[in-house]
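The structure appears below as structure tokens.
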Amino acid sequence: MPDQVPVEDLARRAAAGDSAALDRLLTEIRPEVLRRCGRFLPCREDAEEAAQDVLLQVARYLSRFEGRSRFSTWLYTVVANCCRQKYRELKRRAAEQPAAIEPSYAVDPRTTSVIAGSRVDLLEALDRLERTHPHLVAPLVYRDICQLDYAEVAERVGIPLGTLKSRLHEARKQVRPWLAGG
């Protein structure tokens with residue numbers, strides 16, 4: 024068994040061009056990436072597709088990781104963006120081909136699973152929030168979905184802690200009625 028190297032160290036080495044470190048990094052983070060994608064997307068296959076997108080983005084753009092924040096924080100950003108993009112893609116596909124879906128196969132996750140339905144509702148709410156108040160989306164995603172601590176979120180978004188808390192309060196106030204069905 025190869026020696027254990029912390030993910031943060033692997034990321035720094037991979038970002039510097041070490042291809043062996045990149046291979047190990049992608050192997051190490053895959054389970055966590057899949058788990059995080061599953062928090063966004065209710066269907067396992069969709070989460071797996073998003074996870075593949077995340078790993079591809081990491082492989083392509085890791086050289087842009089400057090190490091100013093932790094790699095895990097940078098990774099959460101990639102996960103959130105890829106999952107939201109996958110959701111938009113699925114939603115667009117469904118809207119473009121509604122007649123192609125047989126009614127017996129068209130299952131609304133909201134009616135089959137409370138957890139899956141709440142995730143779909145959350146993704147819908149994030150889309151609505153992005154259209155009306157785009158500056159509130161990142162703080163909400165990082166804090167409430169990725170579960171980063173306040174200081175990490177403020178650093179990642181590039182705003183003071185007080186401003187972050189204010190934006191979080193406003194974001195939660197905006198999405199609450201949408202999540203409650205209002």
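Under the numbering used here, the residues of the sequence shown are numbered 24 to 205, in order. Cβ coordinates follow ideal geometry from the N, Cα and C atoms, glycine included.
Beta-carbon proximity of residue i to residue j, cut-off 8 Å
{"i": "V180", "j": "A194", "result": "no"}
{"i": "L49", "j": "V28", "result": "no"}
{"i": "V56", "j": "A74", "result": "yes"}
{"i": "A70", "j": "L78", "result": "no"}
{"i": "Q197", "j": "L159", "result": "yes"}
{"i": "A177", "j": "P183", "result": "yes"}
{"i": "R151", "j": "W201", "result": "yes"}
{"i": "A38", "j": "S95", "result": "no"}
{"i": "L171", "j": "Y99", "result": "yes"}
{"i": "K114", "j": "D76", "result": "no"}
{"i": "L149", "j": "R111", "result": "no"}
{"i": "L191", "j": "L163", "result": "yes"}
For residue i, the three-state DSSP class (helix, strand or coil)
{"i": "P39", "result": "In the sequence as displayed, the identity of residue 39 is Ala instead of Pro. In the structure shown, A39 sits in coil (DSSP, three-state: anything other than H, G, I, E or B)."}
{"i": "R47", "result": "helix"}
{"i": "I182", "result": "coil"}
{"i": "Q16", "result": "The chain is shown only over 24 to 205; residue 16 falls outside these bounds and no answer can be derived."}
{"i": "G90", "result": "coil"}
{"i": "H156", "result": "coil"}
{"i": "A161", "result": "helix"}
{"i": "A70", "result": "helix"}
{"i": "Q27", "result": "coil"}
{"i": "D167", "result": "helix"}
{"i": "A34", "result": "helix"}
{"i": "D172", "result": "coil"}
{"i": "A203", "result": "coil"}
{"i": "L64", "result": "coil"}
Cβ-Cβ separation, residue j to residue i (assumed contact under 8 Å), whole Å
{"i": "I52", "j": "A103", "result": "The pair is not a contact, with the Cβ atoms about 15 Å apart (cut-off 8 Å)."}
{"i": "E31", "j": "R93", "result": "6 Å"}
Any C-beta of chain D under 8 Å from that of residue i
{"i": "G40", "result": "This model lacks chain D altogether; it includes just one protein chain."}
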